[in-house]
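The opening position of the sequence shown corresponds to residue 1 in the UniProt record's numbering, with each subsequent residue numbered one higher.
No residue lacks a Cβ here, since even glycine has one placed at the ideal position from N, Cα and C.
As the structure is a computational prediction, the values presented were derived from the model and not from experiment.
A short write-up of the structure that comes next.
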Amino acid sequence: MSFVKTKVDMTPIEDTVFAIVKKAKEAKAKIGAENVVDATIGSLYNEEGSIVAFESVFTPYDQIAKETKAAYAGSFVGNESYRKQVYDWIVKPSGSTLEHSVIATPGGTGAVALTLQEILDEGESVLLPEIAWGSYKLMAAMDNLKVKTYSLFEENHFNISDFQKKCEEILETQKKLLVVLNDPCHNPTGYSLTKEEWEEVVRILNACAKKAPVILLNDIAYIDYSYDVDHSRDYIKTFDAFNENVFVVIAFSCSKSLTSYGLRCGAAILMAKTKEAVRSVEIVFEKAARATWSNIPNAAMDNFTFVTTDNHNAYMKEKEFYIKLLKERSEIFVEEAKACGLSCYPYKEGFFVTVKMEDNNIRDEFHEALMQNHIYTVKVNKGIRVAVCSLSVEKCKGLAKRMADILNNLS
1 MSFVKTKVDM TPIEDTVFAI VKKAKEAKAK IGAENVVDAT IGSLYNEEGS IVAFESVFTP
61 YDQIAKETKA AYAGSFVGNE SYRKQVYDWI VKPSGSTLEH SVIATPGGTG AVALTLQEIL
121 DEGESVLLPE IAWGSYKLMA AMDNLKVKTY SLFEENHFNI SDFQKKCEEI LETQKKLLVV
181 LNDPCHNPTG YSLTKEEWEE VVRILNACAK KAPVILLNDI AYIDYSYDVD HSRDYIKTFD
241 AFNENVFVVI AFSCSKSLTS YGLRCGAAIL MAKTKEAVRS VEIVFEKAAR ATWSNIPNAA
301 MDNFTFVTTD NHNAYMKEKE FYIKLLKERS EIFVEEAKAC GLSCYPYKEG FFVTVKMEDN
361 NIRDEFHEAL MQNHIYTVKV NKGIRVAVCS LSVEKCKGLA KRMADILNNL S
């Protein structure tokens with residue numbers, strides 16, 4: 001007897017990130033935080049070990065009237081000012097001329113979930129990166145979708161040939177293609193595609209679109225922590241070369257951009273060649289939003305609009321300080337890893353660096369050994385994720401060498 005729908009994955013959820021976070025907290029309580037390296041936390045932390053909450057974001061948020069915070073948003077698709085500003089913030093700098101619309105979502109997660117839920121039918125396959133945020137697969141499982149993966153890297157660059165191969169394989173068995181690209185600042189490797197690599201992606205998806213509709217889900221959760229922020233949106237202009245049979249959904253997250261992880265505010269930016277194509281997806285997303293979460297926090301949307309317009313200079317200055325700090329931390333780890341022979345996937349920018357582990361069994365043994373030495377990290381497919389976003393500069397120093405020594409001493 002079952003009290004839930006028949007076609008659903010009944011395997012209990014095992015969120016490895018939160019489980020390891022708990023172990024790290026217990027270790028800090030037992031032996032002192034100074035003796036523990038907690039590289040598990042996927043949020044931005046300061047040098048004193050506290051979560052960063054931008055003054056430029058939360059001071060104006062605190063000044064928003066309680067009635068505004070209590071009120072419903074202007075629409076279940078989001079406040080009009082917010083929807084416009086999300087587009088202006090993300091897409092407009094690129095110069096893209098594609099038709100577009102914006103649907104407010106609870107974080108970037110809401111935009112990703114909405115896309116997987118409404119684009120494919122049960123039993124169809126979504127194409128994911130081989131190394132990726134674990135929740136992609138969880139969402140796919142809950143929507144009764146199959147998962148196919150493409151290899152992320154060929155040597156130190158994006159594996160465009162395997163990406164093309166897997167796209168073509170999916171179209172041999174189904175009449176629609178949904179691909180996920182988490183870029184720039186890929187979670188968990190910190191890789192960002194070059195403009196030339198994006199042009200190759202566009203070329204491949206256009207070729208696939210001659211056979212069937214193609215949907216690109218571009219997860220940009222960490223875009224505002226690109227080390228070259230001024231040019232971080234340039235690649236979006238390459239989307240203008242998509243033909244009429246390709247649709248783009250950009251999943252945007254205020255959580256990362258504004259250090260407001262708990263406010264759950266994001267957006268799905270819909271883009272295509274024609275207004276008709278945009279509207280056809282928009283209708284379905286509108287109804288799904290209404291039926292699933294109904295409303296996005298009113299004050300969170302208003303605050304994003306204020307911070308990125310009237311408070312723009314203060315926000316950018318504060319964020320730039322932490323981008324420089326993030327760069328300092330990542331450079332220490334990556335350079336020391338190279339010096340001691342600890343192999344990492346190609347890192348360019350972002351919150352995480354991932355140690356390369358081709359064998360997941362050795363990865364598991366290594367991960368356990370790290371914890372025995374009070375180094376807490378997160379396991380990903382074929383790798384160990386190190387969250388430099390939450391490590392102090394001092395904690396980054398010497399960490400790669402310690403990890404290399406532990407790996408080399410495995411039996």
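| Item | Value |
| --- | --- |
| Would the segment 56 to 75 count as touching the segment 361 to 375 if we require 3 or more Cβ pairs under 8 Å? | no |
| Report the CB separation of V102 from H374 in whole angstroms; it is logged as a contact under 8 Å. | V102 to H374, Cβ: 45 Å. No contact. |
| How about N311 and S56: are their beta carbons less than 9 Å apart? | yes |
| P184 and Y150 - do their beta-carbons sit closer together than 9 Å? | no |
| Can you tell me where the beta strand (DSSP E) holding T354 begins and where it ends? | 352 to 356 |
| Can you check which of these residues, L116, E48, F153, E99, is closest to K137 by C-alpha distance? | L116 |
| What do you get for Y87, buried or exposed, if any count of 16 or more other CB atoms within 10 angstroms of its CB means buried? | buried |
| Can you pull the DSSP bridge partners for E154? | H157 |
| To the nearest angstrom, report how far apart N159 and F352 are at their CA atoms. | 20 Å |
| With DSSP collapsed to three states, give me the class of P93. | helix |
| Quick one: what does DSSP say E122 is sitting in, helix, strand or coil? | coil |
| Check each candidate in K397, N218, R385 and name the one with the smallest Cα separation from S339. | The amino acid occupying residue 339 in the given sequence is Ala; Ser does not appear at that position. Answer by Cα proximity: K397. |
| For A251 versus A277, is the C-beta distance shorter than 9 Å? | no |
| Pick helix, strand or coil for S226, following the three-state DSSP scheme. | coil |
| Give me, in chain order, the residues of the same chain whose beta-carbon lies closer than 7 Å to that of W198; leave out the 5 immediate sequence neighbours on both sides. | Y235, T238 |
| Please report how far the alpha carbon of N187 lies from the alpha carbon of T68, in whole angstroms. | 34 Å |
| So, at 7 Å on beta carbons, what are the nonlocal neighbours of V281 in its own chain, with the 5 sequence-adjacent residues on each side left out? | F247, L270 |
| In the DSSP output, which residue or residues are listed as bridge partners for H367? | Its beta-bridge partners do not exist; DSSP assigns none. |
| Give me the Cβ distance between L98 and E124, rounded to the nearest whole Å; I'm assuming they're in contact under 8 Å. | Incorrect: roughly 25 Å between the Cβ atoms, too far for contact. |
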